[in-house]
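Structure first, commentary second.
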Amino acid sequence: MATHGRVRSAPSEVAPQAFTLVELLVVIALIGVLVALLLPAVQAARESARAAQCRNHLRQIGLAVLQFEGSQQSFPPARLRARDDYGDQACETTQPSWIARVLPFLEQQGAAAAWNVNERFENHPAEVREFVPPVFVCPARRTVAEAVIASGTFAQNVVFPCGCNYTEMIRLESGGVGDYGGNHGDFTGGSGADEGAYWRGGNGTGVLISSRPSCRHDGPDGWLDKVRHKDLLDGASATVLAGEMHIPEGRLAQAPENGPMYNGRDLPAFARIGGPGISLARGPRDQSVPTLGFGSWHANQCPFVFADGAVRSLDNFLDARVLRAFCHRSDGGVESEQQPSAPGDVK
């Protein structure tokens with residue numbers, strides 16, 4: 257006898273419900289809020305990493321300069337420059353800056369071997385002039401590939417002690433550019449064309465200063481004005497060795513603010529001064545600081561390496577007299593003084 261089984265119907269499947277338009281808009285809005293909250297933190301982390309890398313670069317540069325001083329019993333000259341243009345020590349032209357001299361101590365022996373520090377900058381091959389060790393590039397500003405200035409001619413305003421001035425055209429050969437400059441001192445001596453100008457050989461009050469060349473056969477074979485550790489009367493820990501150079505936005509790899517860093521004739525390309533009349537720049541958009549001022553693109557601070565090898569960041573609003581005390585190797589500390597006028601363009 258046949259039995260009749262029950263026929264069971266398959267359970268019906270419930271179709272998944274899609275997002276409504278309102279729900280989708282809410283999710284998108286929440287994601288946007290989260291991104292907006294995270295973006296400043298990400299940017300701050302990136303800036304912190306760049307600032308740390310910048311300080312590490314200065315530490316390496318400082319150690320290289322100190323090793324040079326230990327080897328040569330003298331800090332390297334910022335460049336070779338006569339006290340006047342007609343005396344016995346006026347045999348210099350465009351010999352390489354201090355940066356070429358410290359390359360062996362930055363593990364750049366190959367690049368160093370290509371330089372003749374008693375030969376003109378422009379007489380070296382382009383690949384030598386345009387080589388830039390990564391340690392001289394601030395990651396907050398650019399990459400190494402962007403740190404080269406092409407050959408060209410630019411206008412320079414020359415100011416004389418009489419107050420009169422004129423514009424001359426300067427021809428520059430291509431070369432690598434950097435973001436860190438040696439401490440040349442302060443504005444003592446003024447910026448005129450006379451023998452007492454701060455940019456003349458032996459007049460700098462900093463550590464890496466312009467020096468008169470020793471001359472032989474109508475060319476340099478050394479330098480005369482030697483700064484040693486014992487000359488840092490204010491103490492190595494209170495004297496700046498090098499720092500980040502002020503280069504305004506839009507002027508990277510542009511002369512005169514950022515010329516070829518090996519060209520010894522172009523002081524603003526590898527050295528800076530600081531003190532009354534030339535304070536720290538307060539950021540990359542600060543147009544009030546002369547070409548030879550220190551300044552960084554890091555928020556509210558400018559990193560420096562001191563002559564004891566320590567790296568410290570100074571506040572952008574640091575009093576100019578305190579900055580002078582750090583830049584002058586033997587001024588005895590902060591003094592009350594009258595604010596001088598800002599320096600003019602120099603050669």
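In our numbering, the protein residues as written are 257 to 603. Just so it is clear, CB atoms sit at the ideal spot from N, CA and C, and this is done for glycine as well.
- Residue environment analysis places Gln-365 among the exposed positions, since fewer than 16 neighbouring C-beta atoms fall within 10 angstroms of its C-beta.
- Of the candidates Leu-290, Pro-476, Asn-514, Pro-476 places its Cα closest to the Cα of Thr-349.
- For the 8 Å CB-CB criterion, Phe-324 and Val-373 do not form a contact.
- The beta-bridge partner set that DSSP reports for Pro-469 consists of Trp-479.
- Burial is judged here by how many other beta carbons sit within 10 angstroms of a residue's own beta carbon; Tyr-342 has fewer than 16 and is exposed.
- Here the C-alpha atom of Pro-296 lies approximately 15 Å from the C-alpha atom of His-554.
- Look at Ser-493 here: in three-state DSSP terms it is helix.
- In the three-state DSSP reduction, Leu-281 falls in the helix class (H, G or I).
- Within a 10 Å sphere around the beta-carbon of Leu-362 sit 16 or more other beta-carbons, which makes this residue buried.
- Burial is judged here by how many other beta carbons sit within 10 angstroms of a residue's own beta carbon; Val-283 has fewer than 16 and is exposed.
- In its own chain, leaving out the 5 sequence neighbours on each side, no residue places its CB closer than 8 Å to the CB of Ala-401.
- Non-local C-beta neighbours of Ser-467 in its own chain, meaning closer than 8 Å and more than five positions away in sequence, comprise Pro-333, Ala-334, Arg-335, Leu-336, Arg-337, Gly-457, Gly-458, Trp-479, Leu-480, Asp-481, Lys-482, ordered along the chain.
- The Cβ atoms of Pro-352 and Phe-377 lie closer than 8 Å to each other.
- Restricting attention to Pro-389, Asp-487, Gly-499, the CA atom closest to the CA of Arg-315 is found in Gly-499.
- By the neighbour-count definition (other C-beta atoms within 10 Å, threshold 16), Pro-390 is an exposed residue.
- Non-local beta-carbon contacts of Arg-521 in its own chain, meaning distances under 6 Å to residues more than five positions away in sequence, involve Thr-350 in chain order.
- Excluding residues up to 5 positions away in sequence, Ala-581, His-584, Arg-585, Ser-586, Asp-587, Gly-588, Gly-589 lie with their Cβ nearer than 8 Å to the Cβ of Asp-490 in the same chain.
- If the five residues before and after Ser-470 are omitted, its C-beta is found closer than 8 Å to the C-beta atoms of Gln-345, Pro-476, Asp-477, Gly-478, Trp-479, Leu-480, all from its own chain and listed in chain order.
- Counting along the chain, Arg-357 sits inside no beta strand (DSSP E); it lies in the alpha helix (DSSP H) bounded by residues 354-358.
- Going by beta carbons, Leu-548 and Arg-528 fall inside the 8 Å limit.
- Of the candidates Ala-367, Arg-311, Ala-449, Asp-442, the residue whose Cα lies closest to the Cα of Cys-394 is Arg-311.
- In the three-state DSSP reduction, Ile-405 falls in the strand class (E or B).
- With contacts defined as CB atoms closer than 8 Å, Asp-442 and Gly-531 qualify as a contacting pair.
- Burial state of Arg-339 is buried, judged by a 10 Å Cβ sphere holding 16 or more other Cβ atoms.
- The alpha-carbon separation between Trp-455 and Pro-512 amounts to approximately 15 Å.
- Each residue's CA atom was taken as its position, placing Asp-542 and Met-517 some 22 Å apart.
- When the five nearest sequence neighbours on each side are left out, the beta carbons in the same chain lying within less than 7 Å of the beta carbon of Leu-579 are those of Gly-530, Gly-531, Ser-535, Leu-536, in order along the chain.
- DSSP places Asp-571 within a strand segment (E or B) once states are collapsed to three.
- By the C-beta density criterion, Phe-387 is buried, having at least 16 other C-beta atoms within 10 angstroms.
- Bridge pairing for Phe-562: Val-496 [DSSP].
- In the structure shown, Phe-550 adopts extended strand secondary structure according to DSSP, grouped into three states.
- Restricting attention to alpha helix (DSSP H) runs no shorter than 4 residues, the segment 354-391 encloses them at 354-358, 365-369, 382-385, ordered along the chain.
- Taking the C-beta atoms as reference points, Ala-509 is found no nearer than 8 Å to Ala-563.
- Going by beta carbons, Gly-432 and Arg-385 fall inside the 8 Å limit.
- In this model, Arg-472 and Ile-465 are separated by some 21 Å (Cα to Cα).
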